[in-house]
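Residue 349 in our numbering sits at position 358 of the sequence shown; the count goes up by one each step and never skips.
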Amino acid sequence: MDLLVRQGVVERDERLDAQGNPNASYLVLTGAGEKVLDQAFGRVERAPLRWLSSRLRALQTRCRRDEIARFLERQLAMANSGGPVSMVTGEDESMEFISRMASPTYVEVLEFFGYLGSLPPGETVDFKEISGALNRGRRDSVKMLEGLRTTISKVAEWEIGASLESMGVRGARLLYWIPFSGDLRPDGHRIWGLAPSVSTKDVGMARVFLSEARVIALVENRAALEHLIDCGLTRRGWLGVCTEGMPKHGLFEMLSKLDGVERTDRVWLIWTDWDLGGLRITEKIFVRLRSPAPSLKIIVVPHPGVLGRKIDVPQRFQTHTEPALRKVATAISIHGAVYQEEAFSLFGPAELERLAELALSKTPGDAVRTPAPP
């Protein structure tokens, strides 16, 4: 890039924030650069804002919804003024239009609201119907679709001032599932099966989750949940909940609705992979559980002490205020990262029960001091 700048093919364009600090840097094509691209690829688009203005006017002419028409009008005013053109996506976040090629997400969001605005007010439509109509034949991953849904939802909230649901968009949120095994009853209704699941819709609609479990084990993946089932623990007063399967806010909302969450005769056991991802999940769980109920008895399954993969553990974990998290982080830095599946043979039913009993016998302050590995 430095060579292209020195040769005059591109120029740097620094964008500053309100305090005068650089917060974005762009490379702008010069006249010489345009000639190079023309020779290599044919004539390139010269005026992206001119195209954007034209497209916004076209969307305006068929827009039948006032709130979206006002949104398009604001975008058009920015484009006609010469830019910059952006959509607000959060309190301190925005998405800027550079060109069709450089700003594909901006264009997708714009076309989405253009399509939605063309529908009669009050008419409902499925999110996938709009996405499919705009991108015929394209197959998107679940992660990509969720990212697009999230961005569009943010623009709806911050730019238009209305949720997608209130504008008649069905399926604006993907449905996620939390696998579990043991006694967990949304609003008292039992869900049958060896390893059933609770959806984000269930979590949102339920007023309370009932459970008589004496141990609630939060495990990172489905394999660990099946290990608890194979050990017979979920038939002996344990509730195993998989932390994978849905965004963490869904999991934490479910836990916040758990009846008797502050019970001191119940043990919370956290079992994740012994790696950086596991440390982050464990830290989040600690924060969520400790905030409303500081006296909870929480224990972390200790590092098995077997040789793992060498990784750099951030210092903040090794000096963490939670003793259990600090101890696991130190063990990872010494022995290396280990997946849960690699230690199932070391944590059978007897060993896991011993951990739970040890936590239950301690005072809340001591319960987090994780014992040595078996």
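Quick reminder that beta carbons are idealized off the backbone N, C-alpha and C, glycines included.
{"Item": "Limits of the unbroken alpha helix (DSSP H) element including F118", "Value": "F118 to L125"}
{"Item": "Alpha-carbon spacing of G228 relative to L249, whole angstroms", "Value": "16 Å"}
{"Item": "Of the residues L267, R176 and F171, the one placed nearest R317, counting alpha carbons only", "Value": "L267"}
{"Item": "Touch test, the segment 254 to 261 against the segment 286 to 293, Cβ-Cβ under 8 Å, three pairs minimum", "Value": "yes"}
{"Item": "Inter-stretch contact at 8 Å, needing at least 3 Cβ pairs: the segment 144 to 152 / the segment 67 to 82", "Value": "yes"}
{"Item": "Coarse secondary structure for V35, derived from DSSP in three states", "Value": "Confidence at V35 is low in this model, with a pLDDT of 49, below 50, so the placement of that residue is unreliable and no value is reported for it."}
{"Item": "Assumed close pair L63, L50 - CB separation to whole angstroms, cut-off 8 Å", "Value": "6 Å"}
{"Item": "M92, buried or exposed, once every other Cβ within 10 Å from all chains shown has been counted against 16", "Value": "exposed"}
{"Item": "Through-space distance from S336 to G299, alpha-carbon basis", "Value": "16 Å"}
{"Item": "Touching by the beta-carbon criterion (3+ pairs, under 8 Å), the segment 239 to 254 and the segment 191 to 208", "Value": "yes"}
{"Item": "Given 8 Å, three or more beta-carbon pairs between the segment 174 to 191 and the segment 85 to 105", "Value": "no"}
{"Item": "Where E348 sits in the DSSP three-state scheme", "Value": "helix"}
{"Item": "Where T115 falls, given that 16 or more other Cβ within 10 Å makes a residue buried", "Value": "exposed"}
{"Item": "CB-CB length for G73 against F118, believed under 8 Å", "Value": "Actually they do not touch by this definition, with Cβ atoms about 34 Å apart."}
{"Item": "Residue burial classification, L43 (beta-carbon count within 10 angstroms, cutoff 16)", "Value": "buried"}
{"Item": "V292 in three-state terms, based on DSSP", "Value": "coil"}
{"Item": "Terminal residues of the alpha helix (DSSP H) in which V199 lies", "Value": "Unbroken run through V199: none, as it is neither H nor E."}
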